[in-house]
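Trainee: What follows is a single structure, and I will ask about it in a moment.
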Amino acid sequence: MANYFVGDIQGCFDELKLVLDKVAFNPSIDCLWTVGDLVARGSGSLQTLQYLKSLSGSAKVVLGNHDLHLLAVHGKLKRANPKDQLDELLHSQEIGNLVDWLRLQPLYQQHSEKNIIMTHAGVPPNWDLHTLKEQADNVSKALQQEDYLTSLIANMYTNSVDSWNEELSELEKKIYTINALTRMRYIFPDGRLDFDCKLPIQQCDNPQLSPWFDHKAKLHPSHTLVFGHWAAIMGKVSSPKLKALDTGCCWGEHLTLWHAESDQKITQNRLKKS
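Everything in the sequence shown is counted per numbering that gives the first Met the number 0, starting at 0 for the first residue and increasing by one.
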């Protein structure tokens, strides 16, 4: 059995199939782990969700910020970004079932035997495994409630909840969890999340900001952390215990697949569209 972890697909379904063909991915014996942002900028968001849903237990999925935004768009809380290519998905007869499937997907996945943890954007440095599981599970439970749109999704669009403490309300804890696990890039010295800078590390001109993974952390010395979300760094991180897999396929770069057993990365360039 092989474990393959893939970066942000963003609807680049053709590229996903090609990179899986390169490793002869077999869902009968192999497992595909996806770091979230399954949909949006590529033309194959519908096919991506259909495929991952069809893999059942052979796919381990976490939600990214674009996936959560899709829930809001489908629920008529937000309009689709004009740059996203979601029309085919949103008008599909399967959209209801696919949204319900997305709502069942967690914000973190763990491979206990290999000490691997996967989230979309990373893990706050001051969180231990218990905190990650507890807070991510609370968000998942809220997504599975009938009133998930009004109780959670409608309230998640805020930058005001940017730091963690136990005094936060239950809703604020869920919002912080979403912000941290699906939107985090840079943080301040005191641990506050920054939501503005998306630049490569060498180009960030704010001396107060540093990548979340450069802070002393409770998890990644003992665990390998797999994440996506930050295409600008093109997989370049400060430790072999970090696997940054978003390499900007939807922006014209390539899709990255990490084979956990061999610690090898396999890539597929973005296809030129006619």
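Using N, Cα and C, we set each Cβ at its ideal position, and we do this for glycine too.
The structure presented is a predicted model; accordingly, all values stated were derived computationally and were not measured.
Can you tell me where the alpha helix (DSSP H) with Q46 in it begins and where it stops?
Mentor: Position 47 of the sequence shown, counted from the start, is the residue given in the question as residue 46. Residues 44-54.
Trainee: Leaving out the 5 sequence neighbours to the left and right, which residues in its chain are closer than 7 Å to A135 when beta-carbon positions are compared?
Mentor: For the purposes of this step, residue 135 is taken as residue 136 along the sequence shown, with counting starting at 1. Counting only Cβ-Cβ distances below 7 Å, and skipping sequence neighbours, we find P105, L106, Y107, T176, L180.
Trainee: When the Cα of L76 is compared with those of A58, C30, K82, L67, which residue comes out closest?
Mentor: Taking the sequence shown and counting its residues from 1, one reaches residue 76 at position 77. When only C-alpha atoms are compared, the closest one is L67.
Trainee: Could you please give the first and the last residue of the uninterrupted beta strand (DSSP E) stretch that includes H253?
Mentor: For the purposes of this step, residue 253 is taken as residue 254 along the sequence shown, with counting starting at 1. Segment 253-258, the beta strand (DSSP E) holding H253.
Trainee: In chain order, what residues of the same chain lie with their CB nearer than 7 Å to the CB of Q202, ignoring the 5 residues before and after it?
Mentor: Here residue 202 refers to the residue found at position 203 of the sequence shown. Cβ neighbours of Q202 beyond the five flanking positions: none.
Trainee: For I232 and L151, what's the separation of their Cα atoms in angstroms?
Mentor: Within the sequence shown, residue 232 is the residue found at index 233, counting from 1. Within the sequence shown, residue 151 is the residue found at index 152, counting from 1. Their backbone Cα atoms lie some 30 Å apart in a straight line.
Trainee: Using the rule of at least 16 other Cβ atoms within 10 Å of the residue's Cβ for burial, across every protein chain shown, is I28 buried or exposed?
Mentor: Locating residue 28 in the sequence shown gives position 29, where the first residue counts as 1. Exposed is the call here.
Trainee: Counting only the same chain and skipping the five closest in sequence on each side, list residues whose C-beta sits under 6 Å from that of K21.
Mentor: As a position in the sequence shown, residue 21 is number 22, starting the count at 1. Same-chain partners within the cutoff: I265.
Trainee: Using C-beta distances below 6 Å, list every residue in its chain close to G63, excluding the 5 sequence neighbours before and after it, in chain order.
Mentor: Residue 63 sits at position 64 when you count from the first residue of the sequence shown. Same-chain partners within the cutoff: G35, D36, H119, T181.
Trainee: Would W32 pass as a contact of M117 if the rule is Cβ separation under 9 Å?
Mentor: What you label residue 32 is simply residue 33 of the sequence shown in a count that begins at 1. What you label residue 117 is simply residue 118 of the sequence shown in a count that begins at 1. Result yes, Cβ atoms of W32 and M117 sit closer than 9 Å.
Trainee: Does DSSP put G121 in a helix, in a strand, or in coil?
Mentor: For this step, residue 121 is matched to residue 122 along the sequence shown. G121: coil per DSSP, three-state reduction.
Trainee: Got a sec, what are the start and stop residues for the beta strand (DSSP E) V38 sits in?
Mentor: The residue given as residue 38 occupies position 39 in the sequence shown. No beta strand (DSSP E) contains V38, which DSSP labels as neither H nor E.
Trainee: Fully enclosed by the stretch 74-143, which beta strand (DSSP E) runs are 3 residues long or longer?
Mentor: Counting only runs of 3 or more, we get 108-110, 115-117.
Trainee: How would you write the range of the alpha helix (DSSP H) that K173 sits in, first residue to last?
Mentor: Taking the sequence shown and counting its residues from 1, the one referred to as residue 173 is at position 174. Taken as a continuous stretch (DSSP letters only), the alpha helix (DSSP H) holding K173 covers 169-182.
Trainee: From what residue to what residue does the alpha helix (DSSP H) around V18 run?
Mentor: To locate residue 18, count along the sequence shown from 1; it is residue 19. 12-21 is the span of the alpha helix (DSSP H), which, as asked, contains V18.
Trainee: Let me check understanding here. Comparing Cα to Cα, which of G234, K132, P124 lies closest to F187?
Mentor: For the purposes of this step, residue 187 is identified with residue 188 of the sequence shown, where counting begins at 1. Considering only alpha carbons, the answer is P124.
Trainee: Check whether the Cβ of C196 lies closer than 9 Å to any Cβ atom in chain B.
Mentor: Considering every chain present, this structure includes no chain B. It has just one protein chain.
Trainee: Rounded to the nearest angstrom, what separates P26 and L54 at their Cα positions?
Mentor: Here residue 26 refers to the residue found at position 27 when the sequence shown is read from its first residue. Here residue 54 refers to the residue found at position 55 when the sequence shown is read from its first residue. So the alpha carbons of these two residues sit roughly 7 Å apart.
Trainee: Can you look up T149 in the DSSP assignment and give me helix, strand or coil?
Mentor: Along the sequence shown, one-based indexing puts residue 149 at 150. Three-state DSSP puts T149 in a helix.
Trainee: Looking at the strands, I want to know which residues DSSP matches up with L224.
Mentor: Counting from 1 along the sequence shown, the entry for residue 224 is found at position 225. In DSSP, L224 forms a bridge with I116, L241.
Trainee: E87 and S42: beta carbons closer than 9 Å?
Mentor: In the sequence shown, the residue the question calls residue 87 occupies position 88. In the sequence shown, the residue the question calls residue 42 occupies position 43. Contact: yes.
Trainee: E260 to G10, Cα distance in whole Å?
Mentor: The residue you call residue 260 lines up with position 261 of the sequence shown. The residue you call residue 10 lines up with position 11 of the sequence shown. Straight-line Cα distance between these residues: approximately 26 Å.
Trainee: Contact check, A79 vs L89 under 8 Å by CB: the rounded distance?
Mentor: For this step, residue 79 is matched to residue 80 along the sequence shown. For this step, residue 89 is matched to residue 90 along the sequence shown. At roughly 7 Å, the Cβ-Cβ gap stays under 8 Å, so A79 and L89 are in contact.
Trainee: Considering Cα atoms alone, identify which of R40, A1, L101, D83 is closest to S57.
Mentor: For this step, residue 57 is matched to residue 58 along the sequence shown. That would be A1, whose Cα lies nearest to the Cα of S57.
Trainee: Pick out whichever of E252, G95, L19 has its Cα sitting closest to the Cα of R269.
Mentor: Sequence index remark: in the sequence shown, residue 269 carries index 270 (1-based). Considering only alpha carbons, the answer is E252.
Trainee: I believe L256 touches V60 by the beta-carbon criterion, under 8 Å. Please report the beta-carbon distance rounded to the nearest angstrom.
Mentor: The residue labelled residue 256 in the question sits at position 257 within the sequence shown. The residue labelled residue 60 in the question sits at position 61 within the sequence shown. Between V60 and L256 the Cβ distance is about 15 Å, and since that is not below 8 Å, they are no contact.
Trainee: Could you name the residues of the same chain whose beta carbon sits closer than 7 Å to that of L148, not counting the 5 residues immediately before and after it, in chain order?
Mentor: Within the sequence shown, numbered from 1, the residue matching residue 148 stands at position 149. Hits under 7 Å: G74, L76.
Trainee: Let's see if you can read the secondary structure: which residues bound the beta strand (DSSP E) around Y156?
Mentor: By one-based count along the sequence shown, residue 156 stands at place 157. Taken as a continuous stretch (DSSP letters only), Y156 belongs to no beta strand (DSSP E), as it is neither H nor E.
Trainee: For W100, which residues from the same chain have a beta carbon less than 7 Å from its beta carbon, with the 5 sequence-adjacent residues on both sides left out?
Mentor: Start at 1 with the first residue of the sequence shown, and residue 100 comes out as number 101. Excluding positions up to five away in sequence, the list reads K52.
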